[in-house]
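Trainee: Below are the structure tokens for one structure; questions will follow.
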Amino acid sequence: MMSLDLTVQTAIRARLISDDVVLALVPATSILDRNSLPAPDPSIIIGEVQEVDPGTSLSRNRTRIYHTIHVWKVEPSREGVKRIIAAVRAALRSGRLDLTPDFHCADLRVSSSRTMSDPDGKTSHGVMVVDVLVQDLSA
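In the working numbering, the protein residues as written are 1451 to 1589.
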């Protein structure tokens, strides 16, 4: 059985690489899970994750998965990063994530996003947090 966070990560990437608007801004080969710099330009990096028991079920079969998504682009402003964030948000909002038969995506939202200039003076950086409520159907 695959872990909850890896199941969600796989589904997020699958959604992003199947969305034409996202792919017009970032190639599928630059939508990654990696932890090395520099990131490809432009890129979407599926980064840090946190699992939280929301305490809403006595059977403890629900988990909130918080995935951090980083967006990178070399540009003089943050306009391109903002366009990528908007495309990712729209792609994720297009429907429930397809998870394995053991897990159900009960809810999904982009709970926050922010953009900033990287200290290198050339790169824009966006950070999004995707909040997914997953129900374990096998529990």
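The beta carbon of each residue, even a glycine, is placed where N, CA and C say it ideally should be.
Nearest-angstrom Cα distance between I1495 and L1454?
Mentor: For I1495 and L1454, the distance between alpha carbons rounds to 18 Å.
Trainee: Check whether the Cβ atoms of I1534 and G1576 lie closer than 8 Å to each other.
Mentor: yes
Trainee: By Cβ distance below 6 Å, which residues in the same chain neighbour I1467 in space, the five residues on each side in sequence not counted?
Mentor: A1478, I1481
Trainee: Would you mind working out which of D1491, D1483, N1485 sits nearest W1522, comparing C-alpha positions?
Mentor: D1491
Trainee: Look at the Cβ atom of V1579, then the Cβ atom of C1555, and state whether they are nearer than 8 Å.
Mentor: no
Trainee: Pair every Cβ in the region 1544–1552 with every Cβ in the region 1502–1514, then say whether three or more of these pairs are closer than 8 Å.
Mentor: no
Trainee: Can at least three beta-carbon pairs, one atom from the region 1503–1510 and one from the region 1558–1577, be found at a separation below 8 Å?
Mentor: no
Trainee: Going by Cα to Cα distance, which pick from S1574, T1457, A1541, R1465 is closest to H1520?
Mentor: S1574
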